[in-house]
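Accompanying notes for the structure given below.
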Amino acid sequence: MKFPNFIRIGILPLRHLLEVNYDSKGNVHFDSGVEANFIRVLSEFLGFKYQLVITDDAEWGQLKDDGNWTGIIGLVHRNEADIAIAHLTMSPERSSVADFLFYTVEENSFVTNLPGFVMKSLFYLLPFHAYIWISIIIAAVFMPFLFMILRIKALTFHELLFRYLVFFLGNRVVLLQVK
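Sequential numbering from 687 applies to the sequence shown in our numbering.
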């Protein structure tokens with residue numbers, strides 16, 4: 687099967703994926719983007735020319751109550767475009783009116799400085815800052831004493847908390863105990 691010399695491509699311009707610009711005659715041309723580069727490479731490799739068709743409603747495509755499709759799925763379904771390229775999600779409804787071809791593009795990347803050397807024995811300490819580790823150690827030492835005081839004095843945690851709060855604030859407050 688010979689690939690056609692000319693195809694109409696339905697598109698939905700999206701930032702970084704498929705960006706377009708217009709010439710002085712109002713014709714649409716690719717500006718940049720991952721999917722724009724994909725079409726350029728295919729066009730050069732397969733030797734075809736193309737015309738870009740932008741959907742009027744700026745939608746990917748959904749089935750309306752009257753049975754017609756919106757968006758770029760509608761362009762293909764109404765034969766206004768031969769193919770459509772966009773960041774589309776395949777659904778059973780869309781698959782009933784159009785065939786889907788999956789491709790993967792991995793364009794995003796993150797760059798950081800290389801980390802310094804870390805000893806393997808200290809690696810488990812890295813997820814938390816030193817202040818967090820100090821707080822954990824203080825809590826681990828302090829909690830047994832707190833529970834011992836609660837058990838000896840037969841106080842509830844709230845009563846003990848209130849007494850320490852009063853102690854730290856420097857005020858004398860008489861606690862009323864209801865028995």
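Where is the CB? At the ideal position from N, CA and C, for every residue including glycine.
{"Item": "Can you give the Cα-Cα distance for Y708 and L811, rounded to whole angstroms?", "Value": "56 Å"}
{"Item": "Can you look up N707 in the DSSP assignment and give me helix, strand or coil?", "Value": "strand"}
{"Item": "At 4 residues or longer, and completely inside the segment 733-808: list those alpha helix (DSSP H) runs for me, N to C.", "Value": "757-763 and 778-781"}
{"Item": "What residue range is occupied by the uninterrupted alpha helix (DSSP H) comprising F814?", "Value": "Element bounds for F814: n/a, residue is neither H nor E."}
{"Item": "Considering only C-alpha positions, which residue in the set A825, F833, I693 and A816 is nearest to I771?", "Value": "I693"}
{"Item": "Please classify F692: does DSSP put it in a helix, a strand, or coil?", "Value": "strand"}
{"Item": "Suppose contacts are defined by Cβ-Cβ distances below 8 Å. Is I697 in contact with I740 by that definition?", "Value": "yes"}
{"Item": "Identify which residue in H815, L700, W746 and R837 has its Cα closest to the Cα of T775.", "Value": "W746"}
{"Item": "Distance check for I769 and N713, CA to CA, integer angstroms please.", "Value": "18 Å"}
{"Item": "Assuming H715 is part of the beta strand (DSSP E), what are its boundary residues?", "Value": "V714 to S718"}
{"Item": "Between which residues of its own chain and L738 is the CB-CB distance below 6 Å, once the five residues before and five after are set aside?", "Value": "I695, I697 and V714"}
{"Item": "Whose C-beta lies closer than 8 Å to the C-beta of V762 among residues of the same chain, with five residues either side of it excluded?", "Value": "G696, D768, I769, A770, V783 and A784"}
{"Item": "Under the rule that 16 or more other beta-carbon atoms within 10 Å means buried, what is P690, buried or exposed?", "Value": "exposed"}
{"Item": "Suppose contacts are defined by Cβ-Cβ distances below 8 Å. Is L703 in contact with E730 by that definition?", "Value": "no"}
{"Item": "Helix, strand or coil: which one does DSSP assign to L698?", "Value": "coil"}
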